[in-house]
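What follows is one structure encoded as structure tokens, with my remarks underneath.
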Amino acid sequence: MRVEQVRGSLVEAWHDVHVAVVDSTGRLLARSGDPDLVTYWRSAAKPFQALPLVEDGVVDRFGIGTQELPDCAGAKPARQDRLQ
600 MRVEQVRGSL VEAWHDVHVA VVDSTGRLLA RSGDPDLVTY WRSAAKPFQA LPLVEDGVVD
660 RFGIGTQELP DCAGAKPARQ DRLQ
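In this note's numbering, the protein residues as written are 600 to 683.
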């Protein structure tokens, strides 16, 4: 499976993706690419890094909303609107 990042009419970046969907016992239900590929999950872990902010009440305490929370869970460019 290939995922493309498009800016305007140009493909800015593309990523070949390997996906495995498993049940709670680890049985393979669906796949795309090589389900046995061992790799680092890098950016896929970022949403889990933001989870303690929600579970520990930090989001509520500091009024972090739906506009700000994604910035806690991803690698994003330092645009001016994110620095305010």
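Where is the CB? At the ideal position from N, CA and C, for every residue including glycine. Quick caveat, the model's predicted, so the values are computed rather than measured.
- Pairing Asp633 with Arg601, the inter-Cα distance amounts to about 13 angstroms.
- DSSP places Asp622 outside any beta strand (DSSP E), giving it a letter other than H or E.
- Going by beta carbons, Val618 and Arg630 fall inside the 8 angstroms limit.
- In this chain, Val610 is not harboured by any alpha helix (DSSP H); it is covered by the beta strand (DSSP E) spanning Leu609 to Asp615.
- Only residues of its own chain outside the window of five on either side were considered, and among them none has a CB closer than 7 angstroms to the CB of Pro669.
- Closest in C-alpha terms to Asp635, from the list Arg641, Gly673 and Leu627, comes Leu627.
- Contact check for Ala672 and Gln648: beta-carbon distance about 7 angstroms, within the 8 angstroms limit, so the pair qualifies.
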